[in-house]
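Protein chains in written order, with my numbering: chain A, 22 to 370; chain B, 22 to 370; chain C, 22 to 370; chain D, 22 to 370; chain E, 22 to 370.
Every residue, glycine too, gets a C-beta built ideally from N, C-alpha and C.
The structure appears right after this line, and notes come after that.
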């Protein structure tokens, strides 16, 4: 479960710029989308050359899906003179989100969250490079993450009329929207656990809360670097980003801030639930103990008494008394009433 | 209960500026109030056109109650050229408080707290737009939130002589005053729980503390963005706000700061109460256990002894002794006294 | 006990500057003290007019004791043109300490701590206005808070030779000194509770720690705004305060900082004591359980054995053996020794 | 134990500059050391006059040991025109470390830690005044704190060739070195407690951890103001300190920073140990309970069964069966095996 | 285990610049590596003189392995005029990482982590001095820490063509890479403990979590000063470091930041695991108690009843009833059913 530093040993003690894919996914495909306000073409290509020789005048978007074929990435990097450290980061799936400005291109690393199966979310490593009229994306898994972007491009919505920076924004916005979906999912789960907790706290809750906390820690670890990243973008220092687009990055930044607040709130709620669970267990144990003590306190002396009159001593005067047995019951009732009074005094009855 | 991200999935993966109401309330009405120091008129209107064509020279205040009719909001937004991202925020009831300065208008989002039923508070999404001589408010629910403002306008108090920024201030002040009411309510509840805790800690307390903590987290999540918002206003950077009004915004800012301190204090008190409850439960369990152990330690050996003399062995010398039974009681008393001494040594008696 | 927002609802939803006294104390008296290095006069006055018409050339100090008579305060405020928001703050006893510079006067709110009865501290709302040669103080209760100042004035100590700012400093210093007294009292109480805790932890400790924590939270809530307030004063931005007096305000500021450190230290000590108490209760319960289990583990099998030989079966060979009873004791001792070995193996004996 | 605000009430509500010694130590002696690179003289003097009239050209160091004789300190202060607030601080042993620059002299307050008896550390109030060629030190106790400095001066090491600022540095360095000794002592104690905890957690640990935490809080409260103090010194703003000496103050500053880190680390370790202890107690109680429950679950039904066949009913068919007693044992074994299976299913055996 | 301040007392109260080795390792060897893009030579030398008289024009790297021979270090320091405080730091193995710029050389202290035996990591004190064309390293242990650097130099990779600052970078990068390896190891251990915790929490977990927390605290204490150090380097203020190398130091800085985040995340996970363990123990104890109470509640009254009918009273009517024994069983079943109903009402069955 510690998704934080998986397979990092693969790259340790290698010279900087060594290209090693640290993830586990196989396969690779290249999707080239070119568009301007008039036309839109989208096709699968097999070599980097096809992308480099494409002569469309509009905006070109190369989507590299799967990082296992290091050679292709090396070739592409060399053709576009991507900095060796950036190349390394494209392949290092443990790298946390960051943005770097290399004069003629912006290099952004982020994490996309997608639903692998019902109720189970996974994240993938995504890199986006923004050139003046070209965007290159690297996705770790083939998960159709940018489905909504493709759809919007096809439907000819505003997007196509704008520059590459608008595509860049849309890709980032789409990634961030997925965080909201995860957050809403976690919120519903918290609601359910909370109801269980207040009505009928049981042992299952513990694992549920633990898993919620883990998810929240993981999400927070993505959101914090995303905060710095979007803050950098919303300050608008790069010349690749249009002034009008900046307010939109500011909007993403605000969303990230709000999500961080929500994550912190959720984490507090989880801690609160754990505390409440712990107290409620303590409280229940106390109640169980009380019942046990009440039964014991009442019957232990009586059982002793019955034991006494069950003894076989030859010389045992009470046994021969006529009202001995009757007297035993009287004595038992007196002891019981005394005990009840004692326990009531303790506030246990 | 997680009011933080309700229905956010409705707007995910849509292009920016998509207008989707994320709340759940139905109905919509438009109230137009126009006034100057001489006259005051207040009427219900049915179309945006009525507002746009109103030719009063004084200050106009359009109050849009209910956000379900997205078309009306879209029409109004287009007429007044409200920024697409602001339009989105008017309808997104999960959006936390913020203020944005769009040159010719100020756009403010806040949350109003109102009493739905006895002892139960709810919050609603409120947006306020300030133009040079016009204020537009959007309220999620029809809750008469601005009753005091209407009353003050009618009574001709100072308010009517001043500009739209003063109405804007009064609306915000009225929203913030409601936080104090909630805070006072929570304070009284804390008092009650605290008394119960110190006198007679019981299981109910746990849920009460938990709910208090939840309310406080929720209130804090409103207050923190309100802090930034009022801070921005009290710096007086907008030309729509008069210099003399700034000190009043500074006053609201001070109130928010004080409330944040109180909320933090209340949260610490709640944590302290939970810790104390946990310790007190531990302490009570300990006491229960002691009683049980005392009874057991005294009677278990005695019962064994009685059991021994209840055995039916043929050759059982003690049973035939004349003072056997008497001796049994002597032995029992000796054992009991020994036990009492032992338990006193432990400090349990 | 939540002294944080008492009666705040009285002022909610009123226009700014509404004068409502939120405290609970009755009565009001006005003491006018005038002095210069030569003369000192101190008298009770009944109307504001007497103060306004006083023609002494030295320094005038008007002490308004009790805030219930709102009319007097309103009259005074109007004569001296005190800002409406400041007027409101004079009467709002929930307002936390702050300082505001209104060009021709400094307006300071603080809280004085006084001993109501043995071991019980209470706080009162105090406002101080500093004019160039006049000081006005508002006290909530008639508690002789400034006794030491009056005494020092009478004794003709340095104080009388200096300006109004020195009186202002002395008043503030006197208020802050009282915090030290409370802190020392809390320190002694912590010492006592600590000794009890390490020697003989009992149930009373819990409530004591809880009350200590509450007092510390309350004191901290006064000290933090006082820190900002004295910091502002020690920066010496007001022209009403002489340059030489600034080092004295810096000294108060240092004291406040030190007290905040002590309060935080005390709070940690209290938390530490609570943790230790909780652990010690757990530890004691464990010990009680061990004793119970030891007794049960040894006697339960023996009692069963005695029960077996107490059965009345007709065909019961052991009962008729000559050494049956003797054998029973041998068996009992073997079982007991086995149990003791088992329990020693567990480390319980 | 609350060494934080001892006897502070003695000085409360007195005018600034009132000289009251708040400590408890008796006795006072004055040691005057004068030296240059050629000569060194060290003698006990009885009056301040001797110091003032000393005509050595080298560096003079007056060491005032014991603060009980306030008159001597008052005389010295007046002769050297020490600021009234500084005078007050010399005598106020609760004052935390600070440095103040009074143009012609530097005034520094620190706390020295010394070993009173084996394993028990105490602290004393120390003030150092640095003039251009003279150093005056005030020590609360006669503890030979500056033994190493005297020795180094006698041995003619580098120290004597340098200015008064180097002596000042050496004194401060010597004080700070003692913190390392305390820290090392606490580290060893933590090691021991940790070993005990992991091998055989017992009740004593609780008090040990509590005392460690207290020592650490106390040390931290000294180190934090020392951090500000050495930071001020290493910025080299005073003209009394030579530029070359500044790097040495920077070195002390680095040591303080490292010690603060270590103290925080130790505090976390202590918290961790407490948590672990608490969990381990919970775990042991659980184990004890299991044993008790296992014994009870097995023998309670059997004892009941034996009790049944010990009843004296006239008409009791089983008692007369030939294999009744044998059957009882069969039944007992069946019940026991069933119980063992049940308990194994619970994972308790 | 407290590796934080080992043997620091050796250096306390000595004048600054006293050379005392505070570590415990024996032996010392000197390795001199000289290279340029053409040639590479690596040899063991025995005296400092050999290093000083070496006349290679390329880059010289002297690796001093083992710090026990203080004389050699003193000689070297004097020849290169290393600052006395830096000399002290070379030998003080408790000194935490830092960097200092002494105009003509950069002095860096770091900690290298190496695997002593399987699953057990240790750290060593490493100092690196960077001159314009020479690097001197001091290692505490002979652990082949720079094996990868030697290998890369031999393989003639890019490294040899660059300046001494690139060697300096490579050495630091190699040290930092080892932190990732430790972190990955801790991550795997956390995974294992987490699985155990959720499936079958046992007592061993407690010590494992405790040790994990200790390792994390230790690692964090190395990483925080490393953060400052690499931040200083990446600001590129030293003229000994080439502008192109700065981005590489920035890359190390980013890695340190990411590792700090991971360490904090791991620490939270450990805390979460401890909380969960504590709750789960509480929960298990509760379950054990329930079983005990159920058995006791059912059988204690029955055993009493059996005891009653085992009494030997002469006049005991029930014993002579024909259906007495039968009635006893009826009564027993009724009591049992009543108990079961009672326990079901409590939700325990």
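Cβ neighbours of residue i in the same chain (closer than 7 angstroms, five flanking residues each side left out)
i	result
residue 251(C)	270, 273, 274 and 277
Contact check, residue i vs residue j, beta carbons under 8 angstroms
i	j	result
residue 163(B)	residue 48(B)	yes
residue 127(C)	residue 134(C)	no
residue 151(B)	residue 189(B)	yes
residue 52(D)	residue 63(D)	yes
residue 294(A)	residue 118(A)	no
residue 344(B)	residue 330(B)	no
residue 3(D)	residue 149(D)	Beyond the ends of chain D as shown, which are 22 and 370, falls residue 3(D); an answer cannot be given.
residue 181(B)	residue 192(B)	no
residue 159(A)	residue 85(A)	yes
residue 302(C)	residue 303(B)	yes
residue 93(E)	residue 42(E)	no
residue 307(D)	residue 309(E)	yes
Beta carbon proximity, residue i to chain E, threshold 8 angstroms
i	result
residue 321(D)	yes
residue 22(A)	Legend: pLDDT at residue 22(A) = 38, less than 50; position of this residue unreliable, value from coordinates given subsequently. Yes, residue 22(A) counts as interfacial toward chain E.
residue 230(D)	no
residue 314(D)	yes
Residues of its chain near residue i, where Cβ-Cβ distance is below 8 angstroms and the 5 sequence neighbours each way are ignored
i	result
residue 322(A)	356 and 360
residue 137(C)	143
Within-8 angstroms CB hit, residue i to chain C
i	result
residue 217(B)	no
residue 364(D)	no
residue 375(B)	The requested residue 375(B) is not part of the displayed model; chain B covers only 22 to 370.
residue 289(B)	yes
CB contact below 8 angstroms: residue i versus chain B
i	result
residue 349(C)	yes
residue 55(A)	no
residue 67(C)	no
Below-8 angstroms beta-carbon distance, residue i vs any chain A residue
i	result
residue 329(E)	yes
residue 36(B)	yes
residue 357(E)	no
residue 114(B)	no
Nonlocal neighbours in the same chain, by C-beta distance under 6 angstroms from residue i, ignoring five residues either side
i	result
residue 23(A)	Because the pLDDT of residue 23(A) is 46, which lies under 50, any placement of that residue in the model is unreliable, and the number read from its coordinates should be weighed accordingly. Correct list: empty, nothing qualifies.
Pull out every residue of the region 293 to 308 of chain A whose Cβ sits closer than 9 angstroms to any Cβ of chain E, in chain order. 295, 296, 298, 299, 302, 303, 305, 306 and 308
Segment contact, 8 angstroms Cβ cut-off, at least three pairs: the region 225 to 244 of chain B with the region 295 to 302 of chain B: The region 225 to 244 of chain B vs the region 295 to 302 of chain B: in contact.
For the region 240 to 271 of chain A, enumerate the residues whose C-beta is nearer than 8 angstroms to any C-beta of chain B, in chain order. For the region 240 to 271 of chain A, which is checked against every Cβ of chain B, the residues closer than 8 angstroms are 268 and 269.
Is the region 279 to 293 of chain C touching the region 229 to 246 of chain C, taking contact as three or more C-beta pairs under 8 angstroms? yes
Residues of the region 82 to 108 of chain A in Cβ contact with chain E at a cutoff of 7 angstroms, in chain order, please. Residues passing the 7 angstroms Cβ filter: 106.
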